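First to last, the protein sequences are chains A and B. Per my numbering, residue 233 is the first one in the first sequence, and the count goes up by one each step. Per my numbering, residue 233 is the first one in the second sequence, and the count goes up by one each step.
Number of protein chains: 2
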Amino acid sequence: MLSERQSMILNAIVDDYIRSAEPVGSRSISKRGDVAFSPATIRNEMADLEELGFLEQPHTSAGRIPSNKGYRYYVDHMAPLKPLKAEDLKLFKQLAAEKLNAVEEVVQHAGTILASMTNYTSILLGPEMFNTSLKHFQLLPLNETTAVAIIVTSTGEVENKTVSIPPGVSASDMERTANLLNAKLSGVPMHMLKARIYSEIGQEIQRHAEHYEQLMKLLDDSLVSGKDQKVFLSGTTNMLIQPEFRDIGKLKTVLDLLEETPTLTRLLNSDQKGIHVRIGSENIHQAFVNCSLITATYSLDGESFGTIGILGPTRMEYAKVIGTLDLLSRAMSRALTGRYGP
Amino acid sequence: MLSERQSMILNAIVDDYIRSAEPVGSRSISKRGDVAFSPATIRNEMADLEELGFLEQPHTSAGRIPSNKGYRYYVDHMAPLKPLKAEDLKLFKQLAAEKLNAVEEVVQHAGTILASMTNYTSILLGPEMFNTSLKHFQLLPLNETTAVAIIVTSTGEVENKTVSIPPGVSASDMERTANLLNAKLSGVPMHMLKARIYSEIGQEIQRHAEHYEQLMKLLDDSLVSGKDQKVFLSGTTNMLIQPEFRDIGKLKTVLDLLEETPTLTRLLNSDQKGIHVRIGSENIHQAFVNCSLITATYSLDGESFGTIGILGPTRMEYAKVIGTLDLLSRAMSRALTGRYGP
DNA sequence: GTTAGCACTCTATCTGAATGAGTGCTAAAC
DNA sequence: GTTTAGCACTCATTCAGATAGAGTGCTAAC
């Protein structure tokens, strides 16, 4: 689609613009050394590239800046990833070496590393509950009217919810019900739990305990939580140092969205595994028109997955970020897999 | 210290400045109606007030703005609180009416209400662990090397931590230890727990189980967490709409601090109960020099307490915020007390 | 096909003048 | 003695016009 030379020039422009955040002129490209043509020649090519939609011009006498299409081309034809610097690798080793036990701790720590290495905002999604299974269930009465329901998953995640005890249900009722659930449904995937409760535990409860209806209601309440993935943010204030967000209005749109966890979850999740790059308006959400979101997936035990992502301006250091995400997602998978096998 | 008239003028200036965020001139005060003197007279008083340190002047030909001392006087001599608007009261009723069970949910919800009612940033501290007591303890093995420790407090809070199982310790060892703890130390205040474990459980374990050292180590690890109060933030992006934070540098200092939960905890906690106002440099932390922090305490069961706070620019609607905090802290105490009695 | 040269465009920056909000001081009025 | 009108003065803000400079597009020469 693009000639060799056009491709080189586009590359050089994107590269320069990522560094400087200022429109790039023909002369500065010519002086870079990697495109050995005169400014005039480069100008001609730039005019063509603009006509093709890869570049934009803020005004007639300014240099060019990449359009979304330009970034997209840059990313799709990017040179193979540079190896990371030694000091960065150190941080990864920390992740593996530190005695981080719970999955959430690993995820959170990875988010901090990611934000501090890239100077962008990191958004991480905890593992999907979909494929984890039930390890333990407990119903603990606090007083006459309320109890805490505790669910432990196979990955060691603990979810808890305070529920009200339906009238007439006794402590021993609850204990028996919980024991039944542990005996019969331990190891059952979380997404099948409700169905299995109805099919297998229902009659059992009906036989042994009064208040069938109430107990089922109680179980229902207890299992509501823990459905949604947890969101971990880090480096949100890195957004402030980007010149494109000097405008407080734009900044607020983005930061506001970062507080809406359900929307974030929706935006980060995608069906496919691996690395994803969404540039500017490729993001569905209006607030991200000036942003690029790069995501990768990590695996927990080969079946259940989570997502790690970096949010920054469209003028983002794609190569570095993609490389980092790739490595970190692998490191996380390594740190997490095997530990909580079936 | 100040004459009646000086006090009135200072009041008027602070009031105007809070609304407009612009230096206040003598003419505009004179036109307000509540200080029936000519601009010249007011000018003279303003000069005196500046000399006394209650006002400042950005430059010679500008109006006056309140100094920290001016705000302090304003707050200390403030008219009794205005009753809240009807629509605001609705939100409070929501808090009481909604079937919010867990303490954390109430606190979080209160934070959201607070931020949306005031348009400032709310910072809430969960209840201090200090006075809650142990309800239940559990050690649940996940695989050969790791286990989850779960602690439930008398207020229904659930803390969990993944710990590694010391070599040689069996599942039944752990179960027995947990049972022992529940039997002997249920109801013991959390801050005494470790001491009581050594004094009462230690020998018991030594008698019944091998691996005394390892089991004690395991217990030690399990009880590390849950010490610090949780921090709930809401409306952080409200900081962006304040004209004093149009300067991104200042903004970043504040937002960065908001991410440091331990520092926040330290800044919010104070020995005394009731409402506290910290204006500008009265805050210990450098990042808050342009901010005022107003805090109130809520009680959980008459013994254990938490803090709710509002962070805004020193030019803050003190009357409204103090009124809201007062009412909301009461509402929270009402919603929380009695539910988790001893 | 490439490049040197040149006219042209447009932004950013600086200057100086005009504007106006607000003050401080003095002297008159109450 | 207190209050106020009047006036000179200060200083930030705004605007217009001038200038500089970066960069372009086009043409003609290589």
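Ideal placement from N, C-alpha and C gives every residue a C-beta, glycine not left out. Note that the coordinates shown come from a computational prediction; the quantities given were computed from them, not determined experimentally.
Near-chain A residues of the segment 528-555 of chain B (beta-carbon distance less than 7 Å), N- to C-terminal order: none
Distance between beta carbons of B:L500 and B:N515, contact taken as under 8 Å: Residue numbering aside, residue 515 of chain B sits at position 283 when the second sequence is read from its first letter. Residue numbering aside, residue 500 of chain B sits at position 268 when the second sequence is read from its first letter. 11 Å between Cβ atoms; not a contact.
Proximity of B:H575 and B:F324 at Cβ, strictly below 8 Å: Residue 575 of chain B falls outside the range modelled here, since chain B spans only 233 to 574, and no answer is possible.
Segment contact flag, the segment 467-476 of chain B with the segment 448-456 of chain A, C-beta cutoff 8 Å, min 3 pairs: no
Local conformation of A:P315 per DSSP, three classes: Locating residue 315 of chain A in the first sequence gives position 83, where the first residue counts as 1. A:P315: coil per DSSP, three-state reduction.
Chain-ordered residues of the segment 478-492 of chain A with a beta carbon less than 8 Å from chain B: R478, I480, L483, K484, L487, D488 and E491
Burial state of A:Y305, where buried means 16 or more other Cβ atoms lie within 10 Å: Numbered from 1 along the first sequence, position 73 holds the residue referred to as residue 305 of chain A. So A:Y305 ends up on the buried side.
6 Å CB neighbourhood of B:Q370 in its chain, flanking five on each side removed: Here residue 370 of chain B corresponds to residue number 138 of the second sequence, with the count starting at 1. Around B:Q370: I382 and A410.
Contacts that B:V256 makes with chain A (C-beta to C-beta distance below 9 Å): As a first step, residue 256 of chain B is located in the second sequence; it is residue number 24 there, counting from the start. Chain A residues near B:V256: none, gap ~25 Å exceeds 9 Å.
Rounded straight-line distance, which links the Cα of B:S531 to that of B:S502: Within the second sequence, the letter at position 270 stands for residue 502 of chain B. Within the second sequence, the letter at position 299 stands for residue 531 of chain B. Computed Cα separation, rounded: 14 Å.
Neighbour flag for B:G573 against chain A, beta carbons, 8 Å: One-based indexing of the second sequence puts residue 573 of chain B at position 341. Unreliable positioning characterises B:G573 in this predicted model, as indicated by a pLDDT of 46, which lies under 50. The coordinate reading is nonetheless provided below. Closer than 8 Å: yes.
Counted within 10 angstroms of its Cβ, other Cβ atoms place B:P574 as buried (16 or more) or exposed: For the purposes of this step, residue 574 of chain B is identified with residue 342 of the second sequence, where counting begins at 1. Any reading at B:P574 is ruled out, since the residue's pLDDT is 40, under 50, leaving its predicted position unreliable.
Per-residue burial, A:I511 [other beta carbons within 10 Å of its own, 16 or more giving buried]: Taking the first sequence and counting its residues from 1, the one referred to as residue 511 of chain A is at position 279. Burial call: buried.
Status (buried if at least 16 other CB within 10 Å, exposed otherwise) for A:K505: Taking the first sequence and counting its residues from 1, the one referred to as residue 505 of chain A is at position 273. It counts as exposed.
Contact between the segment 260-280 of chain B and the segment 476-486 of chain B (3+ Cβ pairs under 8 Å): no
Beta carbon proximity, B:I345 to chain A, threshold 8 Å: Indexing the second sequence from 1 puts residue 345 of chain B at position 113. False, the Cβ-Cβ gap to chain A never drops below 8 Å.
Nearest residue (CA-CA) to A:N522, options A:R237, A:V256, A:N243 and A:S299: On the first sequence, position 290 is the one that residue 522 of chain A refers to. Cα-wise, what sits closest to A:N522 is A:S299.
Terminal residues of the alpha helix (DSSP H) in which B:A600 lies: Residue 600 of chain B falls outside the range modelled here, since chain B spans only 233 to 574, and no answer is possible.
Separation of B:P545 from B:Q446, as counted between CA atoms: Residue numbering aside, residue 446 of chain B sits at position 214 when the second sequence is read from its first letter. Residue numbering aside, residue 545 of chain B sits at position 313 when the second sequence is read from its first letter. Those two C-alpha atoms are separated by around 52 Å.
Where the beta strand (DSSP E) containing A:T545 begins and where it ends: The residue you call residue 545 of chain A lines up with position 313 of the first sequence. Inspection of the sequence shows that residue 545 of chain A is occupied by Pro rather than by Thr. Counting along the chain, the beta strand (DSSP E) containing A:P545 begins and ends at F537 to P545.
Beta-carbon spacing of B:L483, B:H517 below 8 Å: Locating residue 483 of chain B in the second sequence gives position 251, counting from the first residue. Locating residue 517 of chain B in the second sequence gives position 285, counting from the first residue. The answer is no: Cβ separation not under 8 Å.
One or two residues paired with A:I355 in a DSSP bridge: Locating residue 355 of chain A in the first sequence gives position 123, where the first residue counts as 1. Per DSSP, A:L465 and A:G541.
Buried or exposed (CB count within 10 angstroms, at least 16 for buried), B:A334: Along the second sequence, one-based indexing puts residue 334 of chain B at 102. Buried, by the Cβ-count rule.
Chain B within 8 Å of A:G358, Cβ atoms only: Looking up residue 358 of chain A in the first sequence gives position 126. False, the Cβ-Cβ gap to chain B never drops below 8 Å.
Chain-order list of residues whose beta-carbon lies under 7 Å from that of A:Q340 (same chain, five-residue window excluded): In the first sequence, residue 340 of chain A corresponds to position 108, counting from 1. The residues are F464.
Through-space distance from B:L417 to B:S431, alpha-carbon basis: Walking along the second sequence from the start, residue 431 of chain B turns up at place 199. Walking along the second sequence from the start, residue 417 of chain B turns up at place 185. If you take the alpha carbons of B:S431 and B:L417, they lie about 11 Å apart.
Contacts of B:A268 in chain A (Cβ-Cβ under 9 Å): For this step, residue 268 of chain B is matched to residue 36 along the second sequence. The contacting residues do not exist; B:A268 stays about 40 Å from chain A at best.
Unbroken beta strand (DSSP E) run spanning A:T529, endpoints: Locating residue 529 of chain A in the first sequence gives position 297, where the first residue counts as 1. C523 to S531 is the extent of the beta strand (DSSP E) around A:T529.
Validate contact between the segment 233-250 of chain B and the segment 336-350 of chain A using beta carbons, cut 8 Å, 3 pairs: no
Cα-Cα separation between A:I540 and A:Y249, rounded to whole angstroms: For the purposes of this step, residue 540 of chain A is taken as residue 308 along the first sequence, with counting starting at 1. For the purposes of this step, residue 249 of chain A is taken as residue 17 along the first sequence, with counting starting at 1. Roughly 26 Å separates the two Cα atoms.
Beta-carbon separation (whole angstroms), A:A303 vs A:L543, contact threshold 8 Å: As a first step, residue 303 of chain A must be located in the first sequence, where it is residue number 71. As a first step, residue 543 of chain A must be located in the first sequence, where it is residue number 311. Looking at the sequence provided, one finds Tyr at residue 303 of chain A rather than Ala. About 15 Å separates the two Cβ atoms, so there is no contact after all.
For A:E236, the residue or residues it bridges with in DSSP: Your numbering for residue 236 of chain A matches position 4 in the first sequence. Per DSSP, none; premise fails for A:E236.
B:P475 - DSSP class collapsed to helix/strand/coil: Against the second sequence, residue 475 of chain B aligns to sequence position 243. Correct three-state label for B:P475: helix.
CB contact below 8 Å: B:K367 versus chain A: Walking along the second sequence from the start, residue 367 of chain B turns up at place 135. Chain A contact via Cβ: present.
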